[in-house]
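Notes follow once the structure below has been shown.
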Amino acid sequence: DAKTTQPTSMDCAEGRAANLPCNHSTISGNEYVYWYRQIHSQGPQYIIHGLKNNETNEMASLIITEDRKSSTLILPHATLRDTAVYYCIVCPAYNTDKLIFGTGTRLQVFP
Amino acid sequence: DTAVSQTPKYLVTQMGNDKSIKCEQNLGHDTMYWYKQDSKKFLKIMFSYNNKELIINETVPNRFSPKSPDKAHLNLHINSLELGDSAVYFCASSQDLGSGGAYFGPGTRLTVT
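Protein chains in written order, with our numbering: chain A, 4 to 114; chain B, 593 to 705.
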């Protein structure tokens, strides 16, 4: 079973920031927070991950609360191509068989 | 260059047949996986394979068997196909998850008639 809770769907206007929340209140000390997305008919795509510090890469930023019980994925300037299902996953770094996907958030970016 | 590739992309077959899906990764990763995505879009892990250690999701029927001829390949064999096996199957690979994510292939859409 997935250990995260995400809203079922969200909308975002093109060019605006998309902020996708995730609750993981039972996260363990050795578990990372991973974000993936799946664009229609494609394989899941890795976006970003973090342990406790905020992270940023060319795709997105990840903000993790100090107690690590929740996080937010930020797409700073959403485009139509960012329309996808976004998955938040908690997983120990060395237990690779624990990458378990939940139902995710369906983000719709509109013009 | 494609990082994780799968063949075929589409596979239509009849109940009772035996089929295989091939997966190759050119990332030098140590761990490979098979996932199944059903019609409701739930992604479920079936197997992970690392250094010849196979970890099986206990819900996977033994008609499904992964075979790894080498570190870069993890093929999925399915015997006696059933209607419920219809789904999209994704192969993936990863190194140490602490240093990055898993990379997924484009998927194989299996339809059993």
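Ideal placement from N, C-alpha and C gives every residue a C-beta, glycine not left out.
Asked, Found
"Determine which residues of the segment 41-56 of chain A have a Cβ less than 9 Å from any Cβ of chain C, and write them out in chain order.", "Considering every chain present, this structure includes no chain C. Its protein chains are A and B."
"Near Ala87 of chain A, what residues of its chain come up, given a Cβ to Cβ distance below 7 Å and the 5 sequence neighbours on each side ignored?", "Arg40, Gln41, Ile42 and Leu110"
"Pairing CB atoms from the segment 675-689 of chain B with CB atoms from the segment 610-623 of chain B, are three or more of them under 8 Å?", "yes"
"For Glu58 of chain A, which residues in the same chain have their Cβ closer than 6 Å to its Cβ, ignoring the five residues on either side in sequence?", "Ile51 and Leu65"
"Reducing DSSP to helix, strand and coil, say where Arg655 of chain B ends up.", "coil"
"Excluding sequence positions up to five away, which residues of its chain have a Cβ less than 8 Å from the Cβ of Gly690 of chain B?", "For Gly690 of chain B, the pLDDT reaches just 49, beneath the cut-off of 50, and the residue's location in the model is therefore unreliable, although a value from the coordinates is still provided. Nothing listed; no residue qualifies."
"Which residues in the same chain have their Cβ closer than 6 Å to the Cβ of Arg701 of chain B, if we skip the five residues on either side of it in sequence?", "Tyr602 and Val680"
"Following the continuous beta strand (DSSP E) through Glu34 of chain A, name the residue where it begins and the one where it ends.", "Glu34 to Gln41"
"Give the secondary structure of Leu110 of chain A by DSSP, where H, G and I count as helix, E and B as strand, and everything else as coil.", "strand"
"Kindly give me the distance between the Cβ atoms of Pro47 of chain A and Phe696 of chain B, rounded to whole angstroms, as I take these residues to be in contact under 8 Å.", "5 Å"
"Between B:Pro653, B:Asn618 and B:Tyr641, which has its C-alpha nearest Asn671 of chain B's C-alpha?", "B:Pro653"
"Can you find a CB in chain A that lies within less than 7 Å of the CB of Leu635 of chain B?", "yes"
"Could you give the distance in angstroms between the alpha-carbon of Ala664 of chain B and the alpha-carbon of Gly53 of chain A?", "27 Å"
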